[in-house]
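What follows is a short report on a single structure.
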Ligand code: HEC
Ligand code: HEC
Ligand code: HEC
Ligand code: HEC
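Spelled out as structure tokens, the structure:
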């Protein structure tokens, strides 16, 4: 009789620990500058890409024709509009992610982690294991692979919340395999095949 409350207490404690651990286990967004320290050429290429500059599209006067076509007001500033920001920044309202342009300017635009996942955990793996980690280890720590999984891109592209989709104009059709080839939209393929190996 007396044992039960103790066991219940224990299971509650256990349950709470699981919750706390799960919360702790969630990786945080760290920003492209952190990736740049080891991936400089990708960073420099990305910096000039359309994804990196995607936040600016929300400013008044940018892409007037496209905005008009989508029934948006080209004179309006959409940079603080909740309906827009999530797909034009990195990790909107997530841990370590973009809040607003004043407090988190470094996360404006579609950054590395929009396509590769929040980096606080897998960046440590890259550092520790260098060429010797397996994809599975990386994905366990929150890394995403947009070339394996279309869903990585579809949170923004061809999404029902985007004003710019196929129904508006066929040029917005998102053919994933084709779009992956447009490397200038993010960063080029490495010149030599990555010396990545399973060790
Ligand atoms: C301390 C150095 C370091 C940091 C910081 C770092 N990486 Fe890496 N990363 C590496 C190394 C080394 C490799 C393995 C060699 C390669 O494929 O370029 C790698 C591999 C990768 C790969 C290829 C993975 C695969 O399975 O082939 C991606 C994608 C990547 N990093 C993205 C990022 C992103 C995004 C960030 C920032 C959130 C980041 N890295 C931070 C060192 C780092
Ligand atoms: C669900 C994600 C999502 C939301 C929400 C979103 N966008 Fe975008 N936006 C995109 C994607 C993806 C593209 C690129 C479309 C393409 O070129 O295929 C884009 C492109 C644009 C462009 C460039 C269009 C062109 O043809 O030049 C502008 C301007 C833009 N968005 C403004 C906005 C504004 C303003 C809002 C809010 C009213 C908004 N977006 C909300 C995902 C989104
Ligand atoms: C629009 C999406 C997108 C953005 C933004 C992006 N990448 Fe990638 N990156 C990819 C895809 C897709 C691959 C192919 C492998 C995969 O599926 O992750 C890739 C591959 C890589 C690789 C492996 C070698 C290679 O080039 O194939 C590294 C390293 C990397 N990215 C680093 C970065 C860093 C650092 C940034 C930011 C400065 C960044 N990426 C921004 C989509 C993106
Ligand atoms: C966080 C939202 C987001 C994610 C995730 C994202 N994109 Fe984009 N992408 C955009 C926005 C916004 C633009 C519009 C840039 C512009 O018009 O200047 C864009 C533009 C592009 C373009 C250039 C325009 C075009 O359609 O030819 C390509 C290519 C593209 N994205 C491919 C990809 C691929 C491939 C992935 C997944 C690996 C991906 N994107 C992931 C938001 C995103």
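In this note's numbering, the protein residues as written are -8 to 190.
Note that the Cβ used here is the ideal one computed from N, Cα and C, for glycine as well.
Treat the numbers as computed from the prediction; the structure is a model and nothing was measured.
Beta-carbon gap between residue i and residue j smaller than 8 Å
{"i": "residue 98", "j": "residue 108", "result": "no"}
{"i": "residue 61", "j": "residue 159", "result": "yes"}
{"i": "residue 175", "j": "residue 40", "result": "yes"}
{"i": "residue 112", "j": "residue 18", "result": "yes"}
{"i": "residue 263", "j": "residue 101", "result": "Limits of the chain in this structure are -8 at one end and 190 at the other, which puts residue 263 out of reach."}
{"i": "residue 75", "j": "residue 49", "result": "yes"}
{"i": "residue 68", "j": "residue 51", "result": "yes"}
Inter-residue CB distance, residue i and residue j (contact presumed, cutoff 8 Å)
{"i": "residue 85", "j": "residue 20", "result": "6 Å"}
{"i": "residue 37", "j": "residue 103", "result": "7 Å"}
{"i": "residue 191", "j": "residue 117", "result": "The chain is shown from -8 up to 190; residue 191 falls before or after that span and cannot be answered."}
{"i": "residue 91", "j": "residue 114", "result": "No, residue 91 and residue 114 are not in contact; Cβ-Cβ is about 25 Å, not under 8 Å."}
{"i": "residue 171", "j": "residue 138", "result": "6 Å"}
{"i": "residue 47", "j": "residue 53", "result": "6 Å"}
Residue environment, residue i, which counts as buried when at least 16 other CB atoms sit within 10 Å
{"i": "residue 173", "result": "exposed"}
{"i": "residue 24", "result": "exposed"}
{"i": "residue 94", "result": "exposed"}
{"i": "residue 58", "result": "buried"}
{"i": "residue 80", "result": "buried"}
{"i": "residue 136", "result": "exposed"}
{"i": "residue 123", "result": "exposed"}
{"i": "residue 129", "result": "buried"}
Residue i - partner residues in DSSP beta bridges
{"i": "residue 99", "result": "80"}
Proximity test, residue i beta-carbon vs ligand 5 heavy atom, cut-off 7 Å
{"i": "residue 44", "result": "Ligand 5 is not part of the structure shown, which contains ligand 1, ligand 2, ligand 3 and ligand 4 as its ligands."}
Tell me whether the segment 25 to 45 and the segment 174 to 183 touch, counting them as touching only if at least three CB pairs, one residue from each stretch, are closer than 8 Å.
When Cβ pairs closer than 8 Å are counted between the two stretches, the segment 25 to 45 is seen to touch the segment 174 to 183, the count reaching three or more.
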